[in-house]
Amino acid sequence: MVITPNILLTGANGQLGKAIAAELLAANMTFVAKSRDELDITNQAALSAFLHQLKPTIIINCAAYTAVDQAETDSATCFAVNELAVKALAEYCDQTESVLIHFSTDYVFDGTSSKPYEEQDKPKPLNQYGKSKLAGELAIQQIACRHYIIRTSWLYGDTGKNFYTTMRKLAQQPQTVKVVDDQIGAPTKVKELAGVLTCILEKHATQQGLPYGTYHYCGDVFKSWYQFAKDIFTEQQSNTPLAAISAADYALSKPGIALRPYNSCLNSQKLKKWLKNNTKF
Ligand SMILES: NC(=O)C1=CN([C@@H]2O[C@H](COP(=O)(O)OP(=O)(O)OC[C@H]3O[C@@H](n4cnc5c(N)ncnc54)[C@H](OP(=O)(O)O)[C@@H]3O)[C@@H](O)[C@H]2O)C=CC1
Ligand SMILES: Cc1cn([C@H]2C[C@H](O)[C@@H](COP(=O)(O)OP(=O)(O)O[C@H]3O[C@@H](C)C(=O)[C@@H](O)[C@H]3O)O2)c(=O)[nH]c1=O
């Protein structure tokens, strides 16, 4: 007998949450999606009451505090969402033998490695956002509920707040846009990551199911933020001048900005190999 999972999607109004909802719908999967207004995961009492009422068997957590610079001065809120609420979700999953699918970031690394980061490499975040995301990962791993932690990088899509939509707007104005050229990573389409997640769910609870654990998944091409901006300006046929600058020079023009890793590259081979061997992806 196949048991239909009872899926809860949190943070459903974010860019990844929306993309996952669209992919799950397209795959005819049933799920309950909740935005922050409908389910604030930092409200422990409301969260607990909701979970015990819905009894999800799989939680896809797309709720997160993602304002990287703001987190430097608002770290309590950032940790409340990215660590404490995640711990509460993991505790529910542990008690009910449910599965937690959670997303994390390249910003858990300090970017000093000379090669793309693998799953087992030692995290050492540079900023409050990265520290809070690592704390969330550690909470899940310590509670040891059934889980997938998927670290990704530089997520973007046509809507929501991301580097792609920011650059698309800047490409419409006449002033020169200066963009950091010494931080490298892989832009990752939210739709692509949502497709990966759907494949994982489709295989879950079968013999080809992805083993629980931590995985990296990002786009195939590593580039700098400047190169990414250049691609976007070309796509937009923009005549706005674009200038490459160093992260150090960019920081001088933006006091209080968070430090970001120079090398944000993730090695996604482990998950990509599994996808190739086990799914239609
Ligand atoms: N964006 C990126 O480049 C990357 C993101 N990630 C990770 O991917 C995941 C998804 O990120 P992404 O979709 O881009 O982020 P978004 O900021 O687009 O979405 C996050 C969502 O979480 C919601 N949220 C914030 N606080 C709470 C709360 N207390 N309770 C419930 N919901 C809340 C936000 O609500 P509201 O809409 O009201 O603000 C928002 O809708 C996160 O875990 C993030 O850390 C990893 C690597 C790269
Ligand atoms: C807007 C802008 C940014 N930058 C630089 C600043 C920074 O080094 C880099 C990216 O800046 P942003 O603030 O757009 O992106 P940022 O918020 O750092 O993006 C990160 O978000 C979190 C949630 C993640 O998990 C990461 O993977 C990553 O995607 O580009 C410029 O150089 N010029 C500009 O005009």
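Heads up: the sequence shown begins at 3 in the numbering used here, then just goes up one per residue. Glycine residues also receive a C-beta, built at the ideal position from the N, C-alpha and C atoms.
Taken from the Cβ of S155, at least one heavy atom of ligand 2 lies inside 7 Å.
Taking the CA atoms as reference points, Q209 sits about 23 Å from L10.
In the displayed model, L254 falls within a helix according to three-state DSSP. Looking from the CA of K193, the closest CA among G221, D184, K232 and T178 belongs to G221. Residue pairing by DSSP places K180 opposite A245 in a beta bridge. Cβ-Cβ distances below 8 Å link G258 to D71, E74 and T75 in the same chain, with the five nearest sequence neighbours on each side left out; the list follows chain order. Restricting attention to alpha helix (DSSP H) runs no shorter than 4 residues, the stretch 143-172 encloses them at 165-172, ordered along the chain. By the C-beta density criterion, H218 is buried, having at least 16 other C-beta atoms within 10 angstroms.
Look at Y119 here: in three-state DSSP terms it is strand.
Under the three-state reduction of DSSP, V198 is assigned to helix. Annotated three-state conformation of L261 is coil, per DSSP. Within 7 Å of the C-beta of T79 there is not a single heavy atom belonging to ligand 2.
For ligand 1, no non-hydrogen atom lies closer than 7 Å to the CB of Y214. Of all C-beta pairs linking the stretch 146-166 to the stretch 188-206, three or more are shorter than 8 Å, placing the two stretches in contact. Between the alpha carbons of I61 and T12 lies a distance of about 8 Å. Closest in alpha carbon position to Q271, among Q239, D233, A173 and Q122, is Q122. When the alpha-carbon of T236 is set against those of I186, M169 and K256, the nearest one is in M169.
Inter-residue distance for D184 and N8 is about 44 Å (C-alpha atoms, whole angstroms). K133 and A24 have their C-alpha atoms roughly 30 Å apart. Restricting attention to E93, C95, A92 and Y67, the CA atom closest to the CA of A82 is found in Y67. DSSP, reduced to helix, strand and coil, places F33 within a strand of the structure shown. Within the chosen limit of 7 Å, ligand 2 reaches the beta carbon of R262 through at least one heavy atom.
For G113 against N15, the beta-carbon gap comes to about 30 Å, at or over 8 Å, which does not count as contact. When Cβ pairs closer than 8 Å are counted between the two stretches, the stretch 36-50 is seen not to touch the stretch 96-116, the count staying below three.
Residue environment analysis places V182 among the buried positions, since at least 16 neighbouring C-beta atoms fall within 10 angstroms of its C-beta.
Annotation: the continuous alpha helix (DSSP H) that includes L26 extends over Q17 to A28. Y109 carries a helical assignment under DSSP once its states are collapsed to helix, strand and coil. By the C-beta density criterion, Q55 is exposed, having fewer than 16 other C-beta atoms within 10 angstroms.
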